[in-house]
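A.B. asks: First to last, the protein sequences are chains Y and P.
All letters in the first sequence, in the order written, are residues 423 to 744 by the working numbering.
All letters in the second sequence, in the order written, are residues 423 to 744 by the working numbering.
Protein chains: 2
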Amino acid sequence: MLITGAAGYIGTRLTQRVLTDPAFAEATVTIVDTTIRNQGSGPRLRAVEGDLRDPGVRREALGSRPDIAFHLAGILGGTAEANYALAREVNVDATLSLFEDLRDEMKPPRVVFTSSIAVFGPLDAEGVDDDTRASPHMFYGAQKHMMEIALENFSARGSLDGLALRLPGIVARRGADARMKAAFLSHLFYAVEAGRDYTLPVSADGTSWLLSVPACVDALIHGALLPRGLLAERRALTLPALRVSMQQLADALSKHFQGSVARIDYAPDLELERQFARQPLLVTALADELGFKHDGTVEALVRRAIEPQGPVSGQFAQRDDR
Amino acid sequence: MLITGAAGYIGTRLTQRVLTDPAFAEATVTIVDTTIRNQGSGPRLRAVEGDLRDPGVRREALGSRPDIAFHLAGILGGTAEANYALAREVNVDATLSLFEDLRDEMKPPRVVFTSSIAVFGPLDAEGVDDDTRASPHMFYGAQKHMMEIALENFSARGSLDGLALRLPGIVARRGADARMKAAFLSHLFYAVEAGRDYTLPVSADGTSWLLSVPACVDALIHGALLPRGLLAERRALTLPALRVSMQQLADALSKHFQGSVARIDYAPDLELERQFARQPLLVTALADELGFKHDGTVEALVRRAIEPQGPVSGQFAQRDDR
Chain Y
423 MLITGAAGYI GTRLTQRVLT DPAFAEATVT IVDTTIRNQG SGPRLRAVEG
473 DLRDPGVRRE ALGSRPDIAF HLAGILGGTA EANYALAREV NVDATLSLFE
523 DLRDEMKPPR VVFTSSIAVF GPLDAEGVDD DTRASPHMFY GAQKHMMEIA
573 LENFSARGSL DGLALRLPGI VARRGADARM KAAFLSHLFY AVEAGRDYTL
623 PVSADGTSWL LSVPACVDAL IHGALLPRGL LAERRALTLP ALRVSMQQLA
673 DALSKHFQGS VARIDYAPDL ELERQFARQP LLVTALADEL GFKHDGTVEA
723 LVRRAIEPQG PVSGQFAQRD DR
Chain P
423 MLITGAAGYI GTRLTQRVLT DPAFAEATVT IVDTTIRNQG SGPRLRAVEG
473 DLRDPGVRRE ALGSRPDIAF HLAGILGGTA EANYALAREV NVDATLSLFE
523 DLRDEMKPPR VVFTSSIAVF GPLDAEGVDD DTRASPHMFY GAQKHMMEIA
573 LENFSARGSL DGLALRLPGI VARRGADARM KAAFLSHLFY AVEAGRDYTL
623 PVSADGTSWL LSVPACVDAL IHGALLPRGL LAERRALTLP ALRVSMQQLA
673 DALSKHFQGS VARIDYAPDL ELERQFARQP LLVTALADEL GFKHDGTVEA
723 LVRRAIEPQG PVSGQFAQRD DR
């Protein structure tokens, strides 16, 4: 098994999970990231520290041909906007090269690629479903969408067995970097936990598509284990997500942290409101049929989103926005 | 004005056209190709011989910032299948870099990019319209589709004013290279003209989407001159094409060359039939609304497809499949 971006917010939790899940007891796991820190050790874990833009690093990472590759490494939204050249190199050039390097017509590996709802661009108020045309506005979304097409093409050709999963907002990112435009969603959780007042930059009835980080890791694992025969021509799926209003989320958090004295205010910023809090009805029939699931209720979302996340949590929390 | 792939089958004709069309009397034209031969000269024409993979060649080509850029250079279908690495370098890496180099937020240039119906992959028998999902099977089609997304993204960002036109089969390519899978469509024209018997590798009732090369050049010019305000979010359009059966085409050719004694037989090859002769109903509402047109009738298609094509015709006819 290969995990790229393994030191990131989702990558650390995915790595922990595959090293402890009995389903993967036999798996050797190669983790790759630009900086690998305390992520455990042992005969089943092989760490490659380096940049996937370097062909030598990709070669080392693929040394033992993986049966399953999770490709999480990438330059996320805000950073990609600020540094287009870097984002192209990582999100397009290195990602396409990694997919090429992974190709194996005799034994096509399952490649689970984290795409994003950013592929949609401005969302139509009427709702989004599996037939909604991708029309990305952010560079990040366009780059993810191009790579979905490459992954689907290599899958159609039988040299990869790919699955691009479009992630919604993943919460709660402890210490989420303020440069991350969606950081307020995570900050809200920890403000209420700490009893600190917090002003959300979106309106109370603004709605977002959210998934807790454990549910996200579940989805990645589920995607890795889906029998190949269940996957049709379409290899890019929008993951189910709970659509919640900010008010619902704040109420559920207050209820969860019963002693909390935090006061939540709303001072909407039009740009953030448009981008993160006007998410319409979401219908994910293809992913639902394949057994992907969101957190179910806002109470479960809150509970799971703030579960203790093991010894490595927090440490790399800002890396996803590097 | 910039024309890449200017020495190719369509590029030579487009170059001739812009140098003689009164609408462009004031335009200075920079043509780029790996080998430039006799394509005229004069103060309005600047030729850059070189490979667009080379940043220095792109820099030279963009020396005088173009208002209009036609990006025709590319590695076509059969060659891309045979040489994936080259196709990635030209169709993805160099094309994306060219789009980046062309970006200009103060004065976004109109970029007309030749895409292809290969973006669709296997065609649904029920028909194709503007909402048909692109699901390319050939590498070529996937690469074109990725670049459509980049072009649309840069257009949404206001740094380019792009238009990707998906070309159907363009006829008739004199001396079309037999390595070109669709060469038979062009060979048919010249066999009937010469009174030679010809066996088509598809069935008599097989149907193809066709456009004559002058109609294709008209479409590129029309795309270059469309007022920006008419172009909405969607920047990749399927061009109108005449859908004709092989029998209709053979009959029209025999009628056109009245003295022709050629006998046309049909020995269908399943692969070619699937790829080129099962093209279903085509509805191109978006392009129709914008005033793009196909040849109108099979008689006009035949007549225009074999019009004399000036002093440079033929000379570079095989280059498109390099």
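Glycine is no exception: its CB is placed at the ideal position from the N, C-alpha and C atoms.
#1: Go through its chain and collect everything with a Cβ distance to ASP640/Y's Cβ below 8 Å, but skip five positions before and after it.
#2: For ASP546/P and THR660/P, what's the separation of their Cα atoms in angstroms?
#3: Indicate whether ASN575/P and PRO544/Y have their beta-carbon atoms separated by less than 7 Å.
#4: What are the residues in the segment 583-617 of chain P lying within 8 Å of chain Y by C-beta distance?
#5: Taking Cβ positions, are MET568/Y and ALA540/Y nearer each other than 7 Å?
#6: In or out: ASN513/P buried (at least 16 other Cβ within 10 Å) or exposed?
#7: On the three-pair Cβ rule with 8 Å, is the segment 629-648 of chain P touching the segment 713-730 of chain P?
#8: For GLU574/P, which residues in chain Y fall below 9 Å Cβ to Cβ?
#9: Contact criterion: CB-CB distance below 7 Å. Does MET567/P meet it with respect to chain Y?
#10: In the DSSP assignment, what residue or residues form a beta bridge with ASP687/Y?
#11: Counting only Cβ-Cβ distances shorter than 8 Å, please list the residues of the segment 533-544 of chain P near chain Y, keeping chain order.
#12: Terminal residues of the continuous beta strand (DSSP E) containing HIS493/Y?
#13: On the criterion of 16 or more Cβ atoms from any shown chain inside 10 Å, does ILE425/P qualify as buried, or is it exposed?
#14: Using 8 Å for Cβ pairs, my map puts ALA699/P next to SER608/P. What's the rounded Cβ distance?
#15: Would you kindly check if the distance between the Cβ of SER537/P and the Cβ of LYS566/P is under 7 Å?
#16: Output needed in chain order: residues of the segment 649-681 of chain P with a Cβ under 9 Å from some Cβ in chain Y.
#17: So which residues of chain P does ILE571/Y contact, with C-beta pairs closer than 7 Å?
#18: For THR456/Y, list the residues DSSP reports as bridge partners.
#19: State buried or exposed for SER486/Y, treating a residue as buried only when at least 16 other CB atoms are found within 10 Å of its CB.
#20: Using beta carbons (cut-off 7 Å, strictly below), is ASP742/P in contact with chain Y?
#21: Quickly, what does DSSP pair ASP583/P with across the bridge? List them, please.
#22: Give the straight-line distance between the Cα atoms of ARG466/P and MET602/Y, rounded to the nearest whole angstrom.
#23: Does the distance from the C-beta atom of GLY580/P to that of LEU573/P stay below 7 Å?
#24: Report the option in SER676/Y, ALA658/Y, SER667/Y whose CA atom is closest to the CA atom of LEU642/Y.
#25: For LEU723/P, name the three-state secondary structure that DSSP assigns.
#26: Alpha carbon to alpha carbon, how far is MET668/P from GLU615/P?
#27: Assuming PRO662/Y contacts GLY549/Y under a Cβ cut-off of 8 Å, what Cβ separation, rounded to an integer in Å, is found between them?
C.D. replies: Straight from the coordinates:
#1: Counted from its first residue, the first sequence places residue 640/Y at position 218. Excluding positions up to five away in sequence, the list reads LYS715.
#2: Walking along the second sequence from the start, residue 546/P turns up at place 124. Walking along the second sequence from the start, residue 660/P turns up at place 238. Rounded to whole angstroms, ASP546/P to THR660/P spans 15 Å at the Cα level.
#3: Position 153 of the second sequence holds residue 575/P. Position 122 of the first sequence holds residue 544/Y. No.
#4: none
#5: One-based indexing of the first sequence puts residue 568/Y at position 146. One-based indexing of the first sequence puts residue 540/Y at position 118. No, the Cβ-Cβ distance between MET568/Y and ALA540/Y is not below 7 Å.
#6: Indexing the second sequence from 1 puts residue 513/P at position 91. The residue is buried, with at least 16 neighbouring Cβ atoms inside 10 Å.
#7: yes
#8: Here residue 574/P corresponds to residue number 152 of the second sequence, with the count starting at 1. Simply SER557, PRO558, ALA564.
#9: Position 145 of the second sequence holds residue 567/P. The residue you asked about is not Met; residue 567/P is His in the sequence shown. Yes - at least one Cβ of chain Y is within 7 Å of the one on HIS567/P.
#10: Position 265 of the first sequence, counted from the first residue, corresponds to residue 687/Y. Beta-bridge pairing links ASP687/Y to THR621/Y.
#11: GLY543
#12: Position 71 of the first sequence, counted from the first residue, corresponds to residue 493/Y. From DSSP, the beta strand (DSSP E) with HIS493/Y extends over 490-493.
#13: Taking the first residue of the second sequence as position 1, residue 425/P is located at position 3. That one is buried.
#14: To locate residue 699/P, count along the second sequence from 1; it is residue 277. To locate residue 608/P, count along the second sequence from 1; it is residue 186. Actually they do not touch by this definition, with Cβ atoms about 14 Å apart.
#15: Locating residue 566/P in the second sequence gives position 144, where the first residue counts as 1. Locating residue 537/P in the second sequence gives position 115, where the first residue counts as 1. Cβ atoms of LYS566/P and SER537/P: closer than 7 Å.
#16: GLU655, ARG656
#17: Within the first sequence, residue 571/Y is the residue found at index 149, counting from 1. Per Cβ cutoff of 7 Å: ALA564, HIS567, MET568.
#18: For the purposes of this step, residue 456/Y is identified with residue 34 of the first sequence, where counting begins at 1. Answer by DSSP bridge pairing: none, since THR456/Y is not bridged.
#19: For this step, residue 486/Y is matched to residue 64 along the first sequence. Looking at its Cβ environment, which holds fewer than 16 other Cβ atoms inside 10 Å, SER486/Y is exposed.
#20: The count along the second sequence starts at 1 and reaches residue 742/P at position 320. Caution applies to ASP742/P, whose pLDDT of 39 falls short of 50 and renders its modelled position unreliable; the model cannot decide the point.
#21: To locate residue 583/P, count along the second sequence from 1; it is residue 161. In DSSP, ASP583/P forms a bridge with ARG532/P.
#22: Here residue 466/P corresponds to residue number 44 of the second sequence, with the count starting at 1. Here residue 602/Y corresponds to residue number 180 of the first sequence, with the count starting at 1. Spanning the two alpha carbons is a distance of roughly 50 Å.
#23: As a first step, residue 580/P is located in the second sequence; it is residue number 158 there, counting from the start. As a first step, residue 573/P is located in the second sequence; it is residue number 151 there, counting from the start. Not closer than 7 Å, so no.
#24: Within the first sequence, numbered from 1, the residue matching residue 642/Y stands at position 220. The residue with the shortest Cα to Cα distance from LEU642/Y is ALA658/Y.
#25: Taking the second sequence and counting its residues from 1, one reaches residue 723/P at position 301. DSSP places LEU723/P in helix when its eight states are reduced to three.
#26: To locate residue 668/P, count along the second sequence from 1; it is residue 246. To locate residue 615/P, count along the second sequence from 1; it is residue 193. Rounded to the nearest angstrom, the two C-alpha atoms are 16 Å apart.
#27: As a first step, residue 662/Y is located in the first sequence; it is residue number 240 there, counting from the start. As a first step, residue 549/Y is located in the first sequence; it is residue number 127 there, counting from the start. That belief does not hold up - the Cβ atoms of PRO662/Y and GLY549/Y are roughly 14 Å apart, past 8 Å.
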